[in-house]
Amino acid sequence: AQAYRGTPLGQVSLDGVRQDVLLHSTATPPTTVEQLLALPVGPVKLGTIAKLRTVYGPPQVTRIDGERSVTVTGTATGANLGATTQELRQRLDDVDVPGATLTVGGASADQQEAFADLRLAVLAAIAIVFLIMAGTFRSITQALILLISVPFAATGAIALLLATGTPLGVPALIGVLMLVGIVVTNAIVLLDLVNQYRARGMGVAEAVVEGGRRRLRPILMTAVATIFALLPMALGLTGEGGFISQPLAVVVIGGLLSSTLLTLVLVPTLYTMVEHTKESLRQRWIGRRGRPDPAGLPAPDAANAGALVPAAGPGGTPAAADGTPADAGSERTPARPTPSAALLDGTDQFEVLRLPRSRRSPLPPTQ
Numbered sequence: 581a582q583a584y585r586g587t588p589l590g591q592v593s594l595d596g597v598r599q600d601v602l603l604h605s606t607a608t609p610p611t612t613v614e615q616l617l618a619l620p621v622g623p624v625k626l627g628t629i630a631k632l633r634t635v636y637g638p639p640q641v642t643r644i645d646g647e648r649s650v651t652v653t654g655t656a657t658g659a660n661l662g663a664t665t666q667e668l669r670q671r672l673d674d675v676d677v678p679g680a681t682l683t684v685g686g687a688s689a690d691q692q693e694a695f696a697d698l699r700l701a702v703l704a705a706i707a708i709v710f711l712i713m714a715g716t717f718r719s720i721t722q723a724l725i726l727l728i729s730v731p732f733a734a735t736g737a738i739a740l741l742l743a744t745g746t747p748l749g750v751p752a753l754i755g756v757l758m759l760v761g762i763v764v765t766n767a768i769v770l771l772d773l774v775n776q777y778r779a780r781g782m783g784v785a786e787a788v789v790e791g792g793r794r795r796l797r798p799i800l801m802t803a804v805a806t807i808f809a810l811l812p813m814a815l816g817l818t819g820e821g822g823f824i825s826q827p828l829a830v831v832v833i834g835g836l837l838s839s840t841l842l843t844l845v846l847v848p849t850l851y852t853m854v855e856h857t858k859e860s861l862r863q864r865w866i867g868r869r870g871r872p873d874p875a876g877l878p879a880p881d882a883a884n885a886g887a888l889v890p891a892a893g894p895g896g897t898p899a900a901a902d903g904t905p906a907d908a909g910s911e912r913t914p915a916r917p918t919p920s921a922a923l924l925d926g927t928d929q930f931e932v933l934r935l936p937r938s939r940r941s942p943l944p945p946t947q
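Here the numbering used here is used: the first residue of the sequence shown is 581, the next is one more, and so on.
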């Protein structure tokens, strides 16, 4: 065997490159069974000391973790790698090889690993958005209302993938990750304006209706502009990169369609229900505490009392602040109306009308 394969004699340096030196025989290697049996092995031929038998075996033996292994490779011709992998697993289940185990690797394993990483990325994105919204609006309930848009966006994305026959791959999951930040903006714009109206003293229903009316056009224009911009990618007009861009565009378009329509309906509805529930609970809590004791409330200042409620002079005629009767023709000073708690120092709209001295309006009393 060494005569035909060559015997290594050492190495030599040629032009700065180390080369192996092998010693080969000039004899022609055997190509038939008869020539193989006629090979000289010392003083005798191979056929006199050995028997030749044809068997089937691997050309080489590969081991993984000490176990013999065989690798069968193939190339998926379709774009849906997930469906191809599922069909392959079903066919492998029908193969009965005693003592052998089967493992699918290659591109399929890489895709599964990418799916796991992107799932973690989506969950991290949702958590970050929730923390930012909770800190911005200073309300956990409003942050949860904003996140309602995310599952509906995923529903629309999956529905459009099924309708168009687009496979769910890594590009599609990247589109879902983009949707987490895109679809929340519509709800933020709407809810922020509603909160501004509530701070001005509007009721819940009035603020929601007015906010939805004023934010309807911007939300629809933003969604429609984004959808039309992604249509060339969704239709596969981007050339060779369509296998990446098309699933991404389909996911974003489907998510925008569903989340935009449901944001305009579901977010205001949930906001109204939550605010009414909070108001009902607040009223029950105030009712359990009972009405505040007037004797325990702070008395108004003397100057403000004289300006707000005129004293009666002799004969029942109104008197000025110094006790002298006021002129009959003079204009009577009106009493200061009790302000709404929603308009004082940005206090909660469910506070009772009579506020403590520390939370009264800094504005001077009306004269």
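Don't be surprised by glycine CBs; every beta carbon is placed ideally from N, CA and C.
By the neighbour-count definition (other C-beta atoms within 10 Å, threshold 16), valine 831 is a buried residue. Taking isoleucine 629 as the centre and dropping the five residues before and after it, the same chain places the C-beta of Val621 closer than 7 Å to its C-beta, in chain order.
Cα atoms of serine 719 and arginine 669: separation of roughly 48 Å, rounded to the nearest angstrom. Each residue's CA atom was taken as its position, placing leucine 836 and proline 812 some 16 Å apart. The alpha-carbon separation between alanine 705 and valine 764 amounts to approximately 12 Å.
Scanning its chain for C-beta atoms nearer than 7 Å, with the 5 sequence neighbours on each side dropped, one finds around phenylalanine 710 the residues Ala723 and Leu727, in chain order. Annotation: the continuous alpha helix (DSSP H) that includes glycine 627 extends over 626-629. With a contact defined as Cβ atoms closer than 8 Å, leucine 844 and glycine 761 miss out at about 19 Å. If you compare the alpha carbons of Arg797, Asn775, Pro747 and Val784 with that of alanine 829, the shortest gap goes to Pro747. With contacts defined as CB atoms closer than 8 Å, arginine 778 and alanine 787 qualify as a contacting pair. Here DSSP, grouped into helix, strand and coil, assigns glutamine 670 to helix.
The three-state secondary structure of proline 588, taken from DSSP, is strand.
Counting the other CB atoms within 10 Å of its CB gives methionine 801 a total below 16, which places it among the exposed residues. For arginine 598, no alpha helix (DSSP H) segment is defined; the enclosing uninterrupted segment is the beta strand (DSSP E) at 597-603. In this structure, the CA atom of leucine 589 is about 32 Å from the CA atom of glycine 637.
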